[in-house]
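In the working numbering, the protein residues as written are 1 to 454.
Think of the CB as a built atom: it goes at the ideal place given N, C-alpha and C, for glycine as much as any other residue.
Note that the coordinates shown come from a computational prediction; the quantities given were computed from them, not determined experimentally.
Have a look at the structure below before the remarks.
This is the structure in structure tokens:
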């Protein structure tokens, strides 16, 4: 009897201690009280906007996540809103004989894994590149030719015979700000016809041929620094530099240096020529049904990333969830720091480990528009105020909200001054590539920012 009473008392003490620690942790992080609440009335309007877009066939489904910076500027931010809408899948392919869609509806869930498309440029390539800069392995002012031998410079076209030809090298900063003068993309079928003689598409040869093309054959359309031309090829060139310096493929480098330290269990690249990094029942959001009737599931939608770079590419290829992106946003809002919960009982009672992923100097630098390119509105890897950021809304703090979108219908915008990030993930290219999300992004972002002020 005494032993039972003793065990009961100990259990009560442990429970009370656990609850006390939890309250202390929540209070210290600012998770209690009205400060971290959103206006329910305002957010109902955001729900209505998203549901109306789904009804208009702009996209089948979406996940909205709003995360606010922790008051200690170190912990995981408070997720103020996390909601799923509509469906993550409406069909599983197309019958190649009849041409009919194969109906297969699966509801959207908040743990859905999305093809981030060009948002990969930020959370994959740019964060990886930040590590190289911090390690002293590269400089932003370095010429690309330092890492890709023979990478040709821009050259002027003389207006008259005998006039001197001007030359200017392309730098890493030009690539990160999309001011290199390199074209936006390649036409994959034409590229394959030109380079398939070097090997099977299931080998690395096409990837190497793409780097050779970028170094020697790709046009230099404008003097570096003069024109902002958004280009996937800029970030594929950055990928080549990361791989040359680190000696390993981008996905492996990003996994070790970025994703694993933040314990991002649902963020990965899928290298097509290896075992997939996900389980068969993973809640992956499919994208477009191909001409052969096959539904893309877990394979990157972008054709250059999928066909040429085999799923691991500087311009696209990262898959992730809203909650994992909220962790990345929290780390960036904390200017490089994040506290990660410890395993086991320690983690359940609030114990965590402080992880300094990047220096404050690195975050501030990459989130700033270089003075010499101020008119273009692009920071290093991120958008700040270019025309491409218009869909992120009107109420973010001017020139203080790094943001980016993805072709598949994804977006993330971080208001560094207010300490809030808005993540909207949609599947606008499913089952066919005809959806629209730009206006919805802007309207939802405006509603969210207004809902912060109760």
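Environment of residue i [buried if 16+ CB atoms lie within 10 Å]
i	result
residue 167	exposed
residue 239	buried
residue 448	buried
residue 247	exposed
residue 327	buried
residue 31	In this prediction, residue 31 has a pLDDT of 45, which is less than 50 and means its spatial position is unreliable; what the coordinates show is noted afterwards. Buried is the call here.
residue 454	exposed
residue 451	buried
residue 279	exposed
residue 255	buried
residue 23	Low per-residue confidence applies at residue 23: pLDDT is 41, beneath 50, and the placement is therefore not dependable enough to give any value.
residue 444	buried
residue 17	Note that residue 17 has pLDDT 48, beneath the 50 cutoff, so the model's placement of it is unreliable and the number below is only indicative. By the 10 Å Cβ count, residue 17 comes out exposed.
residue 335	buried
residue 29	In this prediction, residue 29 has a pLDDT of 45, which is less than 50 and means its spatial position is unreliable; what the coordinates show is noted afterwards. So residue 29 ends up on the buried side.
residue 385	buried
residue 173	buried
residue 397	exposed
residue 187	exposed
residue 446	buried
residue 177	buried
residue 189	exposed
Beta-carbon separation (whole angstroms), residue i vs residue j, contact threshold 8 Å
i	j	result
residue 333	residue 416	7 Å
residue 369	residue 379	5 Å
residue 179	residue 130	Actually they are not in contact, since the Cβ atoms of residue 179 and residue 130 sit about 19 Å apart, beyond 8 Å.
residue 287	residue 115	6 Å
residue 352	residue 364	Rounded, the Cβ-Cβ distance is 24 Å, inconsistent with contact.
residue 311	residue 269	6 Å
residue 242	residue 128	5 Å
residue 383	residue 404	6 Å
residue 308	residue 207	6 Å
residue 285	residue 94	That belief does not hold up - the Cβ atoms of residue 285 and residue 94 are roughly 18 Å apart, past 8 Å.
residue 64	residue 46	7 Å
Of the residues the options, the one placed nearest residue i, counting alpha carbons only
i	options	result
residue 183	163, 195, 154	154
residue 104	430, 354, 436	430
residue 92	293, 144, 60	293
residue 411	422, 418, 401	422
residue 120	439, 321, 354	321
residue 89	82, 428, 42	428
residue 319	118, 100, 226	118
residue 221	156, 281, 355	156
residue 325	435, 425, 185, 297	425
residue 85	79, 52, 101	52
residue 262	56, 395, 357	357
residue 407	281, 212, 300, 309	300
residue 145	163, 171, 70, 50	171
residue 87	125, 219, 274, 109	109
residue 419	57, 45, 329	329
residue 38	81, 151, 61	81
residue 191	405, 218, 175, 181	218
residue 436	60, 36, 100, 403	60
residue 277	42, 252, 71	252
residue 264	113, 65, 56, 273	113
residue 138	245, 298, 306, 271	245
residue 78	323, 371, 403, 434	323
residue 74	66, 387, 371, 355	355
residue 274	249, 295, 284	249
residue 143	152, 136, 135	152
residue 375	56, 413, 225	225
residue 338	230, 46, 257, 76	76
residue 258	132, 100, 96, 56	132
Terminal residues of the beta strand (DSSP E) in which residue i lies
i	result
residue 421	420-426
residue 318	318-320
residue 106	101-107
residue 365	Taken as a continuous stretch (DSSP letters only), residue 365 belongs to no beta strand (DSSP E), being part of the alpha helix (DSSP H) at 360-366.
residue 415	410-415
residue 84	78-94
residue 338	337-341
residue 312	Run containing residue 312: none; DSSP gives neither H nor E here.
residue 188	First-last for residue 188: 188-195, but that is the alpha helix (DSSP H), not the beta strand (DSSP E).
Extent of the continuous alpha helix (DSSP H) run through residue i
i	result
residue 404	Per DSSP, residue 404 belongs to no alpha helix (DSSP H); it is in the beta strand (DSSP E), 403-406.
residue 128	127-134
residue 444	438-451
residue 266	Note, residue 266: premise wrong, no alpha helix (DSSP H); not H, not E.
residue 173	172-176
residue 41	40-55
residue 211	205-216
residue 352	It is not in any alpha helix (DSSP H) - residue 352 instead sits in the beta strand (DSSP E) that spans 352-356.
residue 122	First-last for residue 122: undefined, no H or E at that position.
Proximity test, Cβ basis, 8 Å: residue i and chain B
i	result
residue 396	Chain labels in this structure do not include chain B; a single protein chain is all it has.
**OP:** Spell out a yes or no on whether the region 300-315 and the region 227-241 are touching, meaning 3 or more CB-CB pairs, one atom from each, closer than 8 Å.
**Re:** yes
Subject >> Given 8 Å, three or more beta-carbon pairs between the region 438-445 and the region 377-392 >> reply: yes
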